[in-house]
Amino acid sequence: DPYGLEPKRHPSLKINSQKPFNAEPPPSLLADSYITPVELFYVRNHLPVPLVDVNEWRLTIEVVGLKPIELSMDQIKKFPKHTVTTSIQCAGNRRSEMSKIKKVKGLDWGTAAIGNATFSGARLYDVLKAAGLKDDEIKAQHVQFEGLDTDPANVPYAASIPIEKAMDPKGDVLLAYEMNGAPLSRDHGYPLRAVVPGVVGARNVKWLGAVYVSEEESSSHWQQNDYKGFSPSTDWDTVDFTKSPAIQQLPVTSAICEPSENEVVLVKNGKITVKGYASSGGGNKIVRVDVTPDGGQTWYVADLINPEKNKPPHHWAWSLWQVEIPVRKGQKQMELWAKAVDSSYNTQPESFKNIWNLRGVLSNAYHRINIKLKH
Ligand code: MTE
Ligand code: MO
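Quick note on numbering: the sequence shown equals residues 193 to 567 in UniProt numbering.
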């Protein structure tokens with residue numbers, strides 16, 4: 193069984209698939225801390241978790257036109273240690289809401305395939321410079337990351353990012369060996385993973401074995417034939433994956449984490465408290481979250497929790513938010529909607545209908561929940 197060596201997981205995680213392991217925390221726990229604890233951080237594995245002996249392990253780095261080099265963990269740790277707090281979100285986060293409109297193909301994620309953590313490691317920028325990459329090398333267009341996790345045909349997980357992101361001195365792309373101050377856990381990429389702030393989870397390759405600076409994007413299934421958006425009218429008979437670009441930066445999203453769908457909420461002083469998260473891609477910051485209890489007749493502006501100092505377009509962390517919503521005397525139920533606005537004034541679409549796509553990615557419409565009220 194290739195899944196015989198999987199690590200132990202936290203019992204609070206809600207499992208979407210056991211082999212490969214895919215799980216997300218309860219939303220109420222997610223909204224409890226700005227920094228998501230490692231054991232509650234969603235896990236998205238496509239393949240078995242590799243068992244890596246760090247003493248044997250080496251990272252191969254191959255810059256187009258140059259001889260490949262190999263680095264040990266000790267050598268990677270000799271580069272200046274850089275620390276970044278960033279959210280990481282799966283392209284399929286909130287897919288289950290989109291699939292209610294019409295079925296989509298993919299894991300049935302709720303609202304918690306996202307987390308916010310502090311990662312430390314070497315800057316990819318520093319390592320690639322040391323490997324001989326020149327700023328004006330025109331053949332250097334993409335940076336491919338290859339994992340050590342492999343399918344039965346021995347094909348590894350892999351993905352790539354554009355060179356513009358990799359070589360942006362303020363892009364904060366890391367070869368990370370620590371998460372929240374401790375060595376990476378096995379599920380989150382031990383001993384080394386790519387952390388690409390502002391970019392979809394799929395490019396944050398875990399269990400790194402090799403980095404290739406190349407003229408071409410990664411040729412992997414996950415870069416070419418998955419993680420792309422399409423029109424609502426595109427179906428599995430007509431889809432042509434060469435026609436859409438690979439997802440890199442995710443659009444703005446938000447979710448209500450507390451209360452949860454169908455929860456009975458106790459009204460205090462004529463009000464209830466509503467909490468959640470909001471996040472945007474490409475280094476955009478969340479500037480506002482609006483919540484309505486009456487189908488958009490009245491919007492209440494939430495308080496944002498966001499200690500990050502980095503300014504857009506280099507702002508990487510999510511925002512948590514909280515707002516008090518007034519309740520009418522005797523009101524028995526409420527439908528809450530939330531939407532976020534980012535620093536480019538992008539906001540979320542009102543419904544899933546016109547953003548529906550066959551893979552259920554980019555599922556960022558207003559989050560809506562129904563609750564019951566107890567006075
Ligand atoms: N890297 C490898 N090697 N194998 C994988 O299956 N999954 C990707 C990415 N990196 C994956 C990977 C996807 S789709 C996501 S959303 C993130 O890892 C999830 O990171 P996490 O499990 O640390 O939350
Ligand atoms: Mo993902």
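The C-beta atom is built at its ideal place from N, Cα and C for all residues, glycine as well.
These numbers come from a predicted model, not from an experiment.
What number of angstroms, rounded off, separates the C-alpha of residue i from the C-alpha of residue j?
{"i": "Ile355", "j": "Leu367", "result": "15 Å"}
{"i": "Ser220", "j": "Thr275", "result": "27 Å"}
{"i": "Leu512", "j": "Tyr404", "result": "36 Å"}
{"i": "Lys211", "j": "Tyr195", "result": "7 Å"}
{"i": "Pro272", "j": "Arg315", "result": "8 Å"}
{"i": "Asn556", "j": "Pro443", "result": "7 Å"}
{"i": "Asn502", "j": "Thr303", "result": "26 Å"}
{"i": "Pro242", "j": "Pro199", "result": "10 Å"}
{"i": "Ile261", "j": "Thr252", "result": "6 Å"}
{"i": "Leu197", "j": "Val244", "result": "11 Å"}
{"i": "Trp249", "j": "Pro375", "result": "15 Å"}
{"i": "Lys362", "j": "Gln441", "result": "16 Å"}
{"i": "Ile497", "j": "Pro485", "result": "21 Å"}
{"i": "Ala358", "j": "Ile561", "result": "39 Å"}
{"i": "Thr278", "j": "Met290", "result": "26 Å"}
{"i": "Gln336", "j": "Val387", "result": "13 Å"}
{"i": "Ser377", "j": "Val230", "result": "8 Å"}
{"i": "Glu450", "j": "Ala494", "result": "13 Å"}
{"i": "Met371", "j": "Lys521", "result": "47 Å"}
{"i": "Trp491", "j": "Pro518", "result": "11 Å"}
{"i": "Ile448", "j": "Pro541", "result": "16 Å"}
{"i": "Gln281", "j": "Ala305", "result": "6 Å"}
{"i": "Ala532", "j": "Asp193", "result": "44 Å"}
{"i": "Lys269", "j": "Gly257", "result": "26 Å"}
{"i": "Gly487", "j": "Pro437", "result": "35 Å"}
Can you check which of these residues, the options, is closest to residue i by C-alpha distance?
{"i": "His507", "options": "Ser535, Val483, Phe337, Asp495", "result": "Ser535"}
{"i": "Pro424", "options": "Trp301, Lys545, Trp529, Lys270", "result": "Lys545"}
{"i": "Tyr234", "options": "Arg551, Asp486, Ala530, Asp379", "result": "Asp379"}
{"i": "Ile439", "options": "Gly373, Ala351, Gly363", "result": "Ala351"}
{"i": "Gly552", "options": "Gly421, Ser377, Met359, Ala530", "result": "Gly421"}
{"i": "Ser264", "options": "Val246, Gly257, Thr228, Glu338", "result": "Val246"}
{"i": "Arg201", "options": "Tyr226, Lys531, Leu232, Asp486", "result": "Leu232"}
{"i": "Lys467", "options": "Ile306, Pro217, Ser225, Val319", "result": "Ser225"}
{"i": "Gln514", "options": "Gly488, Thr465, Thr539", "result": "Thr465"}
{"i": "Asn476", "options": "Val493, Pro504, Tyr492", "result": "Pro504"}
{"i": "Pro217", "options": "Gly307, Asp343, Ile268", "result": "Gly307"}
{"i": "Glu338", "options": "Glu455, Ala394, Gly373, Ile293", "result": "Ala394"}
{"i": "Gln267", "options": "Lys295, Lys259, Val319, Val347", "result": "Val319"}
{"i": "Gln489", "options": "Asp418, Trp529, Ile563, Thr539", "result": "Trp529"}
{"i": "Thr445", "options": "Ile547, Asp432, Tyr558", "result": "Tyr558"}
{"i": "Ser406", "options": "Glu455, Thr430, Phe433, Lys259", "result": "Lys259"}
{"i": "Thr342", "options": "Asp432, Lys270, Leu239, Lys295", "result": "Leu239"}
{"i": "Asn396", "options": "Ile563, Asn237, Leu554", "result": "Asn237"}
{"i": "Leu554", "options": "Ile563, Tyr419, Thr430", "result": "Tyr419"}
{"i": "His334", "options": "Gln415, Tyr349, Gly373", "result": "Gln415"}
Our contact map puts residue i next to residue j with C-beta atoms below 8 Å; I'd like the distance itself, whole angstroms only.
{"i": "Ala332", "j": "Val391", "result": "That belief does not hold up - the Cβ atoms of Ala332 and Val391 are roughly 18 Å apart, past 8 Å."}
{"i": "Ala509", "j": "Glu500", "result": "4 Å"}
{"i": "Trp548", "j": "Ile353", "result": "Actually they are not in contact, since the Cβ atoms of Trp548 and Ile353 sit about 27 Å apart, beyond 8 Å."}
{"i": "Asn454", "j": "Lys564", "result": "7 Å"}
{"i": "Pro389", "j": "Asp360", "result": "About 10 Å; that fails the 8 Å criterion."}
**Q.** Contained beta strand (DSSP E) runs [length at least 3] in the region 194-255, N- to C-terminal order
**A.** Counting whole runs of 3 or more residues, the region 194-255 contains the beta strand (DSSP E) stretches 206-209, 214-216, 251-255.
Q: Give, in chain order, every unbroken run of the beta strand (DSSP E) that is at least 3 residues long and sits entirely within the region 344-405.
A: 348-354, 366-371, 385-387
Q. Curious, which full-length beta strand (DSSP E) runs of at least 3 residues does the region 477-532 contain?
A. Listed in chain order, the complete beta strand (DSSP E) runs (minimum 3 residues) inside the region 477-532 are 478-484, 495-497, 511-518.
Q: Decide if the region 196-207 is in contact with the region 280-293; the criterion is three or more beta carbon pairs, one per stretch, under 8 Å apart.
A: No, they do not touch.
**Q.** Complete runs of the alpha helix (DSSP H) confined to the region 255-289 [at least 4 residues]
**A.** 265-269
Q | Segment contact, 8 Å Cβ cut-off, at least three pairs: the region 320-328 with the region 469-485 | A | no
Q) Does the pairing of the region 401-419 with the region 511-530 give three or more beta-carbon distances under 8 Å? A) no
Q. Within the chosen definition, does the region 373-388 reach the region 289-301 through at least 3 CB pairs nearer than 8 Å?
A. no
(Q) Assess contact between the region 419-433 and the region 479-488, defined as three or more Cβ pairs (one per stretch) separated by less than 8 Å. Is contact present? (A) no
Q: Would you check if the region 452-460 and the region 407-418 touch, i.e. whether three or more CB-CB distances between them fall below 8 Å?
A: no
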